[in-house]
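Everything below concerns the one structure shown next.
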Amino acid sequence: MVRRLLAFFMMVLFAGVAYASPSSFVYQGQIIKPSGQALEEPSVTFTVEIYSPGAEQCLLFQETHTINMVGSKGVFTLPLGEGSRSGSDWEDTSTLVQAFNNNAGTITVTTCTIGTDYTPTASDKRKIRLSFDDGSGPVVANMQEIHSAPFALSAASVGGIA
Numbered sequence: 387m388v389r390r391l392l393a394f395f396m397m398v399l400f401a402g403v404a405y406a407s408p409s410s411f412v413y414q415g416q417i418i419k420p421s422g423q424a425l426e427e428p429s430v431t432f433t434v435e436i437y438s439p440g441a442e443q444c445l446l447f448q449e450t451h452t453i454n455m456v457g458s459k460g461v462f463t464l465p466l467g468e469g470s471r472s473g474s475d476w477e478d479t480s481t482l483v484q485a486f487n488n489n490a491g492t493i494t495v496t497t498c499t500i501g502t503d504y505t506p507t508a509s510d511k512r513k514i515r516l517s518f519d520d521g522s523g524p525v526v527a528n529m530q531e532i533h534s535a536p537f538a539l540s541a542a543s544v545g546g547i548a
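Numbering-wise, the sequence shown is residues 387 to 548 according to the numbering used here.
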C-alpha cells in the first residue's frame, strides 16, 4: 500500500514537470563559407535577436553563445533562452517566454525602428536574426519569421493560473 501511494505521488510530481512549458528551444543551422568550405573555427560567437513582426520592429530579446565548431562540418546548435546576456534594457532582461507572449500588453523597449512601443496581438509572430563572428568580423543573416507553438510558450499559464 505504501509503495503504491509513493508511486502515485511520484507520478503526480513528475507529471507537473512533464507538462511545464519550456523556457528555451533549439535553433540549428550550418555555415558554409563562400569558398564552399564549412566554418570550423575554435571560437565562434553567435548573437541571437528576437524582434516584433511589424514596421515598428522592436528588439524584444537578445543573447550570445560562443561555441567551438572544430570538426562540426559547419553545423551548430544553439539552445535559445540559455545564452549569455548583459545590460539592463528590456531586450537584455526579458525572458524568451516574455518575448513571445502575445498577452503582455504594451511593451516599452529601447530599440525600435519606429517608436518605442510594441503591443502584440493574439496572432503575432516574431522575427529572428542571427549573426556570428569567427574572429574575422560579424556576419549578419537575413531576418526570418518564427512561429511559437502554443504548448511551448503560451501554456506556461492558462487564465493566469500556472
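Note that the Cβ used here is the ideal one computed from N, Cα and C, for glycine as well. Quantities reported herein were computed from a predicted structural model and do not represent experimental measurements.
Exercise. Assign Ile418 to buried or exposed, taking buried as 16 or more other Cβ atoms, counted over all protein chains shown, within 10 Å of its Cβ.
Key: The residue in question, Ile418, is exposed, as its Cβ has fewer than 16 Cβ neighbours within 10 Å.
Which same chain residues, not among the five before or five after Ala490, have their C-beta less than 8 Å away from its C-beta?
-> Apart from the 5 residues on each side of it in sequence, Ala490 sits with its Cβ closer than 8 Å to the Cβ of Gln484 and Pro506 in its chain, given in chain order.
Exercise. When the distance is taken between beta carbons, is Gly501 closer than 8 Å to Glu442?
Worked result: Using a Cβ distance threshold of 8 Å, Glu442 and Gly501 count as a contacting pair.
Can you tell me whether Gln530 is buried or exposed? The criterion is at least 16 other CB atoms within 10 Å of its CB, across all chains shown. By the 10 Å Cβ count, Gln530 comes out exposed.
Ends of the beta strand (DSSP E) at Leu464?
Per DSSP, the continuous beta strand (DSSP E) segment holding Leu464 begins and ends at Val461 to Leu466.
With the cut-off set at 8 Å, would you say Lys511 and Ile532 are in Cβ contact? Contact: yes.
Helix or strand or just coil, what does DSSP make of Leu446?
Strand.
Practice task
Using alpha carbons as the reference points, say which of Lys459, Val430, Ser421 and Asn487 lies closest to Leu516.
Solution key: Of the listed residues, the one whose Cα sits closest to Leu516 is Val430.
- prompt: Under the rule that 16 or more other beta-carbon atoms within 10 Å means buried, what is Asn528, buried or exposed?
  reply: The residue in question, Asn528, is exposed, as its Cβ has fewer than 16 Cβ neighbours within 10 Å.
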